[in-house]
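A.B. asks: Numbering (the UniProt record's numbering), first residue to last: 1 to 347.
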């Protein structure tokens with residue numbers, strides 16, 4: 001992949017169909033909105049595991065919100081559970097034995113459903129945490145993130161247990177004007193302007209068995225898994241995949257070369273060698289992602305400089321300040337001050 005050929009992030013057509021179906025139920029001319037977004041609705045509805053560019057998907061969300069006048073459209077589409085529209089990936093995930101198995105597989109397969117959203121699953125201090133971030137800062141779509149988390153909760157209650165209780169849900173976007181809808185759906189504290197979107201719940205739920213699972217169906221569908229996963233290596237360079245893993249694990253601090261290499265099923269030495277063949281150095285990728293995230297956090301006033309340093313994995317503020325100045329020629333405080341001035345000029 002060259003600089004002249006930017007990576008085009010894609011989303012599974014099943015996600016697009018879910019939105020089009022919901023729009024049709026609301027009496028909206030979904031086919032016309034799809035056309036305006038550069039999509040062919042008839043082709044989308046007839047395909048099963050195809051892909052569309054994420055940029056067109058985002059455009060469809062924007063058109064859909066404008067057409068319905070519903071700013072909470074993402075939450076409402078996410079509440080819609082239609083087993084016929086889940087696609088192969090959904091059926092594989094919800095035919096696992098336990099919730100733990102389902103979430104582990106979901107984190108592994110999430111890129112096959114939406115390349116722009118990076119999902120990870122971890123257990124920390126007896127709490128299960130599902131984190132959702134974006135592969136690049138400008139890929140964040142409020143409506144889509146609303147849908148992703150609303151869908152995750154709705155399907156978990158549908159396929160695992162209606163008694164599931166969440167402890168906290170976070171979103172990376174500012175609080176919108178429909179906070180009451182978040183509270184209605186998630187039934188737990190919801191916060192905004194967070195580093196990443198996340199769902200937090202008691203890890204005791206992880207051993208819940210999925211009551212409607214079909215072991216035979218899971219076995220048959222899993223046999224298709226390798227062919228689906230085989231699509232990714234040919235679409236992205238190793239450096240792109242390493243960046244994605246760094247973004248995925250940065251919130252937990254697990255971004256050392258040993259861990260990332262293990263995620264890619266190779267040794268650290270092999271990782272270094274293959275990156276060198278692409279004229280890339282591992283630490284430069286870590287710094288690139290840290291800088292990308294640092295700029296995003298500094299442009300908002302929610303976090304102090306010390307908090308940002310901690311989120312990015314620096315041992316102390318001074319180490320973060322030195323690194324940021326080396327990357328940009330400015331201190332974090334100077335960058336934040338300039339960002340504030342730009343915001344004021346736009347008002």
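The beta carbon of each residue, even a glycine, is placed where N, CA and C say it ideally should be.
Any contact of the stretch 61–70 with the stretch 123–132, i.e. 3+ C-beta pairs under 8 Å?
C.D. replies: They do not touch, by the three-pair rule.
A.B. asks: Threshold first: 4 residues or longer. Then list the alpha helix (DSSP H) segments lying entirely within the stretch 105–181, N to C.
C.D. replies: The stretch 105–181 contains these whole alpha helix (DSSP H) runs: 142–159.
A.B. asks: Under the rule that 16 or more other beta-carbon atoms within 10 Å means buried, what is residue 134, buried or exposed?
C.D. replies: Sequence index remark: in the chain shown, residue 134 carries index 134 (1-based). Buried.
A.B. asks: Since residue 201 is in the alpha helix (DSSP H), which residue starts that stretch and which ends it?
C.D. replies: Here residue 201 corresponds to residue number 201 of the chain shown, with the count starting at 1. Unbroken run through residue 201 is the beta strand (DSSP E), 197–202; no alpha helix (DSSP H).
A.B. asks: Report the residue from 321, 75, 18 whose alpha carbon sits nearest the alpha carbon of residue 46.
C.D. replies: Here residue 46 corresponds to residue number 46 of the chain shown, with the count starting at 1. Of the listed residues, the one whose Cα sits closest to residue 46 is 18.
A.B. asks: Leaving out the 5 sequence neighbours to the left and right, which residues in its chain are closer than 7 Å to residue 207 when beta-carbon positions are compared?
C.D. replies: By one-based count along the chain shown, residue 207 stands at place 207. Same-chain partners within the cutoff: 98, 100.
A.B. asks: Taking the beta carbon of residue 146 as the centre, do at least 16 other beta carbons fall within 10 Å, making it buried, or is it exposed?
C.D. replies: Here residue 146 corresponds to residue number 146 of the chain shown, with the count starting at 1. Buried.
A.B. asks: Is it a yes or a no for the stretch 267–287 touching the stretch 148–166, going by three-plus beta-carbon pairs under 8 Å?
C.D. replies: No: fewer than three Cβ pairs fall under 8 Å.
A.B. asks: Please classify residue 252: does DSSP put it in a helix, a strand, or coil?
C.D. replies: Reading the chain shown from its first residue, position 252 is the one you call residue 252. DSSP places residue 252 in helix when its eight states are reduced to three.
A.B. asks: Along the chain, which unbroken stretches of the alpha helix (DSSP H) at least 4 residues long are found entirely within the stretch 276–309?
C.D. replies: Segments of the alpha helix (DSSP H) lying fully in the stretch 276–309: 282–298.
A.B. asks: Would you tell me roughly how many angstroms separate the C-alpha atoms of residue 204 and residue 150, rounded to the nearest one?
C.D. replies: For the purposes of this step, residue 204 is identified with residue 204 of the chain shown, where counting begins at 1. For the purposes of this step, residue 150 is identified with residue 150 of the chain shown, where counting begins at 1. Each residue's Cα considered, the two are about 21 Å apart.
A.B. asks: Is DSSP giving residue 211 helix, strand or coil here?
C.D. replies: On the chain shown, position 211 is the one that residue 211 refers to. If DSSP states are grouped into helix, strand and coil, residue 211 belongs with coil.
A.B. asks: Is the stretch 9–23 in contact with the stretch 99–115, if contact means three or more CB pairs nearer than 8 Å?
C.D. replies: Counting Cβ pairs under 8 Å, three or more are found: they touch.
A.B. asks: Alpha carbon to alpha carbon, how far is residue 20 from residue 42?
C.D. replies: Position 20 of the chain shown holds residue 20. Position 42 of the chain shown holds residue 42. Near 11 Å, if we compare the C-alpha coordinates of residue 42 and residue 20.
A.B. asks: Buried or exposed: residue 196, going by 16 or more other Cβ atoms within 10 Å of its Cβ?
C.D. replies: Within the chain shown, numbered from 1, the residue matching residue 196 stands at position 196. With 16 or more other Cβ atoms within 10 Å, it is buried.
A.B. asks: Any idea if residue 251 is buried or exposed, counting beta-carbon neighbours within 10 angstroms, 16 or more meaning buried?
C.D. replies: Numbered from its first residue, the chain shown carries residue 251 at position 251. Residue 251 should be labelled buried.
A.B. asks: What does a CB cutoff of less than 7 Å around residue 139 pick up in its chain, not counting 5 residues either side in sequence?
C.D. replies: For the purposes of this step, residue 139 is taken as the residue at position 139 of the chain shown. Once the five neighbours on either side are set aside, the close Cβ partners of residue 139 are 9, 54, 116.
A.B. asks: Alpha helix (DSSP H) containing residue 31: first to last residue?
C.D. replies: Looking up residue 31 in the chain shown gives position 31. From DSSP, the alpha helix (DSSP H) with residue 31 extends over 30–36.
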